[in-house]
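Colleague: Note that our numbering has the sequence shown beginning at 19, numbered continuously upward.
Before I ask anything, here is the structure I am working with.
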Amino acid sequence: MGILSCSVNPKTKTSQSIENEETKVSPLNEILKKNLEEKEPLAEEITLYELLRIPVFKEEVIKRYSTKFHAMAEEVTERSTPVQYDSVNNYYHCNGLSENGTVNVKYYVDTDELDISMLYHGLEVKHDGTIDCGHWVKGYYKNPFGEDDLNAPYIEQEFRGKVNDRFDCQLYIRFEASDHFRLWVEGEYYCNHSPKKVEMLIRDEDDGEVYSIDTEIYKNSFFINTYQNYLFSRLLNKGNLNISIRYLTYLNDYYYYRFRIYNKTNFWAAKTVNLNI
19 MGILSCSVNP KTKTSQSIEN EETKVSPLNE ILKKNLEEKE PLAEEITLYE
69 LLRIPVFKEE VIKRYSTKFH AMAEEVTERS TPVQYDSVNN YYHCNGLSEN
119 GTVNVKYYVD TDELDISMLY HGLEVKHDGT IDCGHWVKGY YKNPFGEDDL
169 NAPYIEQEFR GKVNDRFDCQ LYIRFEASDH FRLWVEGEYY CNHSPKKVEM
219 LIRDEDDGEV YSIDTEIYKN SFFINTYQNY LFSRLLNKGN LNISIRYLTY
269 LNDYYYYRFR IYNKTNFWAA KTVNLNI
């Protein structure tokens, strides 16, 4: 008695798989096409604000970007444009904005690419929902009970240099939410008491321009005069600087500190993200 064979031709199976892949519709294409087609001529068009809250679209944004990125996009999109379809290039597009930033969305049907660009206070948001704030660290001053005072935050970064061109030292730059720059120096053979006078020069290595920065001394620290805050923050943000600081002590001794900042510090991004100013 013979045995009947029901094997499938491998070639036929492969062809069927290819056909299925070709006819498979991306969930993004499906939801966008569906929402556009279902709108009646006089009905309100779907906007990015609504699109971000449709479960299928939200899931795709989180999968391709991140939960944090989607949450920021929702926050930024207070006002938005309707979803439009470009039939020539076969893609959908829409935009959103608020006082906090902008969101631009494009979905390319042919490649199933979801391209979302977002700016938060003018700063580019990465796929994971973060903004590059460099090496700035957020901290808080303490209240009378030794706890973090959430109303008194600051950001701070350390820069390495030399004392009198010989010994290692560190320049600490702290920016307070009260809009003040506080600086001090630590290290081996540094001036560990209040200086009589502080002279500060910054050379922009991009164009060779030298700036004299006015300071005010308080104990072992010195502050940038507030009228030069913008100048100092602009230089600090872009980097590629040489900083020369000269301390004159009450014994008429001089301490020379020199610091080289090569890279952009992203000060403005850190200030915006951490201090909301």
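Backbone N, C-alpha and C fix where the C-beta goes; we use that ideal spot for every residue, glycine too.
Indicate whether the contact test is met: 3 or more Cβ pairs, each with one atom in the segment 216 to 232 and one in the segment 253 to 273, closer than 8 Å.
Modeller: yes
Colleague: Give me the Cβ distance between TYR158 and ASP150, rounded to the nearest whole Å; I'm assuming they're in contact under 8 Å.
Modeller: 23 Å between Cβ atoms; not a contact.
Colleague: With three or more C-beta pairs closer than 8 Å as the rule, is the segment 114 to 127 touching the segment 88 to 99?
Modeller: yes
Colleague: Just confirm the distance between the C-beta atoms of CYS187 and GLU204, as a whole number of angstroms; I'd bet it's less than 8 Å.
Modeller: 7 Å
Colleague: Taking the C-alpha atoms as reference points, what is the distance between GLU96 and GLU223?
Modeller: 42 Å
Colleague: Near TRP202, what residues of its chain come up, given a Cβ to Cβ distance below 6 Å and the 5 sequence neighbours on each side ignored?
Modeller: TYR190, ASN238 and SER239
Colleague: At what residues does the alpha helix (DSSP H) containing ARG252 begin and finish?
Modeller: 247 to 256
Colleague: Just to confirm, is the Cβ distance from VAL121 to LEU46 under 8 Å?
Modeller: no
Colleague: Note down the Cα distance separating LEU141 from SER105, rounded to an integer number of angstroms.
Modeller: 32 Å
Colleague: Take the Cβ of GLY119 as the centre, count every other Cβ of all protein chains shown within 10 Å, and call the residue buried at 16 or more, exposed below.
Modeller: buried
Colleague: Measuring CA to CA, which of HIS139, TYR110 and ILE134 is closest to VAL127?
Modeller: TYR110
Colleague: Using the rule of at least 16 other Cβ atoms within 10 Å of the residue's Cβ for burial, across every protein chain shown, is GLY179 buried or exposed?
Modeller: buried
Colleague: If you pair each beta-carbon of the segment 226 to 233 with each one of the segment 279 to 295, do three or more pairs fall below 8 Å?
Modeller: no
Colleague: For the alpha helix (DSSP H) containing HIS88, list its first residue and its last residue.
Modeller: 85 to 94
Colleague: On the three-state DSSP scale, how would you describe PRO143?
Modeller: It should be noted that the sequence gives Val, not Pro, for residue 143. Residue state, collapsed to three classes: coil.
Colleague: Can you tell which of ARG192, ASP146, LYS144 and GLY164 has its C-alpha closest to the C-alpha of HIS153?
Modeller: The shortest C-alpha separation from HIS153 is found at ARG192.
Colleague: Apply the 10 Å Cβ neighbour rule to SER135 and answer buried if 16 or more other Cβ atoms are within range, or exposed otherwise.
Modeller: exposed
Colleague: Among THR99, ASP130, TYR172 and TYR103, which residue has its Cα nearest to the Cα of THR290?
Modeller: TYR172
Colleague: Can you have a look at PRO213 and say buried or exposed, based on whether 16 or more other CB atoms are within 10 angstroms of its CB?
Modeller: It counts as buried.
Colleague: So LEU132 packs on ARG71, CB below 8 Å; how close in whole Å?
Modeller: Contact doesn't hold; Cβ gap of about 16 Å is too wide.
Colleague: Quick one: measure Cβ to Cβ for HIS198 and PHE241, integer angstroms, because I've assumed they're closer than 8 Å.
Modeller: 6 Å
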